[in-house]
Amino acid sequence: MTALDLQVVQPAGTARTTRDRLEILAALIHAPNFDPLFRSEIIDIPRDHPVYAWGCQVPRCERPRRTSLHLCADHHEQWKQQRAAESSKGNFLASAHPLPASQGIDRGWCLVCPERPVFSVRLQLCYTHMYRWLYTSGTTLSENDPSVTTTNPFQAWIRDQGPLPGAGPCRVAVCPETAACPMGLCVGHRARYKQQGNPGGVAVRRRQRSAGCAVAEVVDEVAFRKWCQSEEPIRRTGQLNLIGLRPLVKAEIQWGLFAHAHPAEGPE
Ligand SMILES: [Zn+2]
Ligand SMILES: [Zn+2]
Ligand SMILES: [Zn+2]
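Using the working numbering, the first residue of the sequence shown is number 513, and each one after it goes up by one.
The structure is reproduced here in structure tokens:
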């Protein structure tokens, strides 16, 4: 008895239906009346969007609201206590102090390099400039308080530095971020890679410490690539990432978002 290669046969109409629907949705999405906010693979919803608002209701609070409560987790807890004391929500919103974002935020760009993301938040420097500063100052990262960036020695050192070119996109297939370290990963995926035990064994070797040079060496390139292909995006507050979805799924989501936000423009 021999084994046969059996191929999955799609119902005759399925592929055509998918193609026809994708063509219709593509035409609708590229029509002039379609909201360009939903046309991209990366959809950044404004904090106070009229339909998809995600920000906490406390003015200037940078944290996302919890579903249906319209307050972030911390303000929700505060509101529960004040409500028990029979305070009005209006009074609470007027007196609550806004909170800074704590997760899913953009770290911004290196003080020196406009194309390199911040690696050290406390120094506001990219990976290479962070190590250059630590070498120059003879300090460790934990010895640098964020206020060091306002000191004269730091400012003088910054003025002597030249910008470095960007390191290209993060190697994770669905990630829209810029690579922030010699491994070719963004800050979020670098942290996740280490949490997962370095699949493929990529390690960074620092060379010429005065220049902040470093190279990444990999033990198992295939395993590392596989990890990069299968890893999920880093969560960003207010952002929908459609990279890697099938074209029809992507188009359905884009159209669905638009139709829900603009019911007068949707199908009758
Ligand atoms: Zn809040
Ligand atoms: Zn830099
Ligand atoms: Zn990434």
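Ideal placement from N, C-alpha and C gives every residue a C-beta, glycine not left out.
Close CB contacts of Glu553 within its chain, under the 6 Å cut and outside five residues either way in sequence, are with Leu754 and Ile755 (chain order). Sequence-distant Cβ neighbours of Pro562 in its own chain, meaning closer than 7 Å and more than five residues away, do not exist here. Counting only residues of its own chain and dropping the five nearest sequence neighbours on each side, Gln741 has a CB closer than 7 Å to the CB of Ala685. Contact between Leu623 and Gln636 holds, since their C-beta atoms are separated by about 5 Å, short of 8 Å. Per DSSP, Ala613 lies in no alpha helix (DSSP H) and is assigned neither H nor E. DSSP places Leu653 in the helix class (H, G or I) of the three-state scheme. Boundaries of the beta strand (DSSP E) around Gln751: Gln751 to Asn753. The beta carbons of Val714 and Val730 sit closer together than 7 Å. Sixteen is the threshold: since fewer than 16 other Cβ atoms of the shown chains lie within 10 Å of the Cβ of Thr651, the residue is exposed. By the CB criterion at 7 Å, Arg533 and Gly616 fall outside the cutoff. With at least 16 other beta carbons inside 10 angstroms of its own, Ile557 counts as buried.
One alpha carbon belongs to Gln708, the other to Val699, and they sit about 14 Å apart. Between Arg575 and Ala608, the CB-CB gap reaches or exceeds 7 Å. Using a 10 angstroms sphere on the CB of Pro759, the tally of other CB atoms stays under 16, which defines it as exposed.
Here the alpha carbon of Arg634 sits roughly 45 Å from the alpha carbon of Ala543.
The alpha carbon of Leu537 has as its nearest neighbour, out of Pro775, Ala763, His774 and Ala773, the alpha carbon of Ala763. Remark: C-beta atoms of Arg577 and Cys568 approach each other more closely than 7 Å. For Arg719, the enclosing beta strand (DSSP E) starts and ends at Ala715 to Arg719. Its Cα nearest to that of Ala565, the residue Thr749 stands out among Gln766, Ile765, Thr749 and Tyr705.
For secondary structure counted as the beta strand (DSSP E) over 3 or more consecutive residues, the region 723-764 holds these complete runs in sequence order: 725-729 and 751-753.
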